[in-house]
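Below you'll find the structure, written out as structure tokens, and then a few comments.
Residue numbers (full-length UniProt numbering): 1 to 153.
So this is what it looks like as structure tokens:
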């Protein structure tokens, strides 16, 4: 780690109040120093995640108060985790939308459509209408709607 041109060092306490900066670290290869001189390095997938995807990579949840420093290392392509995204056609998305609307109605929830969005009370489900596309201010309600979507046949 002697090559300082390939890495950028950030004092976390100075930057944790800047959400745009923290967002810029996502998908970067970083080294994070936490309390008790423990250091983790790897690709930063998310900050304060609300979702879990099972993959063959080790995920570590680091509480924000434990982070002392973050170093962005040089991007190493061969170490990036594979992106397993499935590309949906517009017909697939429309079918998913109709299926979700009927599922919410079957569960006696008040459902309306606002453009491309499905609105259930004060929660919106955005395209492509998966359990990860919920927009809500209340994380508890969002979690319950997410469970309902996951239980959808």
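Yeah, the Cβ is synthetic: ideal placement off N, Cα and C, and Gly gets one too. All figures in this text were calculated on a predicted structure; none of them were measured in a lab.
May I ask you to report which of helix, strand or coil DSSP gives residue 143? helix
For residue 42, write down the residues that DSSP places opposite it in a beta bridge. 30
Tell me which residues share the same chain as residue 133 and place their Cβ nearer than 8 Å to its Cβ, disregarding the 5 neighbours each side in the sequence. 125, 126 and 127
Whole angstroms are fine: how far does the CA of residue 113 sit from the CA of residue 96? 14 Å
Nearest CA to the CA of residue 31: which residue from 67, 21 and 20? 67
Between residue 35 and the rest of its own chain, which residues show a CB-CB distance below 8 Å, the 5 nearest in sequence each way excluded? 66 and 68
For residue 104, collect the residues of the same chain with a Cβ closer than 7 Å to its Cβ; drop the 5 residues on either side in sequence, then sort them by chain order. 111 and 120
Alpha carbon to alpha carbon, how far is residue 136 from residue 122? Give it in angstroms, no decimals. 7 Å
Report yes if the C-beta distance between residue 40 and residue 62 is below 8 Å; otherwise report no. yes
Close-in-space but distant-in-sequence residues of the same chain around residue 33 (CB under 7 Å, 5 per side omitted): 39, 68 and 69
What's the C-alpha gap between residue 145 and residue 93? 19 Å
Go ahead and label residue 118 buried or exposed: buried means 16 or more other beta carbons lie within 10 angstroms of its beta carbon, across all protein chains shown. buried
Please give me, in chain order, every unbroken run of the beta strand (DSSP E) with length at least 3 that falls completely inside the region 91 to 143. 111 to 114, 117 to 120 and 123 to 125
Within a Cβ cutoff of 8 Å, which residues of the same chain sit near residue 100, ignoring the five residues on either side of it in sequence? 118, 125, 129, 149 and 152
Look at the alpha carbon of residue 98 and the alpha carbon of residue 115, and state the distance between them as a whole number of angstroms. 13 Å
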